[in-house]
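For this note's numbering, count along the sequence shown from 1 and bump the result up by 9.
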Amino acid sequence: MASTAVTLYLDERTVTSAKQFAQYSGKSLSEIVDSYLRSIDADSRQIQKLSPTVRKLIGIGRGSADSALEYKEYLRSRQ
């Protein structure tokens, strides 16, 4: 696959952090960005396959940290 050069304007701290992450991962920054952008594309194609009703429901079941704590307390009270 052919590569294309792209210029991005990012916060200096973000770039520094990303470079450190890339080095830690044993990959280049370009590989990290490419992998991330591919995952976004794959995710968007997967969501498009879902019915409109299911798409509306995505994320609706996520509770807050408080609800998780309340559930744990409920389970403890049943013991």
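Each residue gets a CB set at the ideal place from its N, CA and C atoms; glycine is no exception.
Residue i versus residue j: straight-line alpha-carbon distance, rounded
i     : j     : result
GLY70 : TYR80 : 14 Å
GLU82 : GLU40 : 44 Å
LEU59 : LEU46 : 21 Å
SER12 : SER44 : 13 Å
TYR18 : THR25 : 13 Å
ARG87 : THR62 : 36 Å
THR23 : LEU66 : 33 Å
Close beta carbons around residue i, own chain, < 7 Å, minus the five adjacent residues each side
i     : result
LEU38 : ALA27, LYS28 and ALA31
Neighbourhood of residue i by C-beta distance below 8 Å, restricted to the same chain and skipping five residues each side
i     : result
SER90 : Shown here, the chain extends from 10 to 88; a query on residue 90 therefore has no answer.
SER34 : ILE41
Limits of the alpha helix (DSSP H) - the one that residue i falls within
i     : result
THR23 : 21 to 34
Chain-order list of residues whose beta-carbon lies under 6 Å from that of residue i (same chain, five-residue window excluded)
i     : result
GLY68 : none
Residue i, DSSP secondary structure in three states
i     : result
ARG87 : coil
TYR45 : helix
THR13 : coil
SER76 : helix
LEU66 : helix
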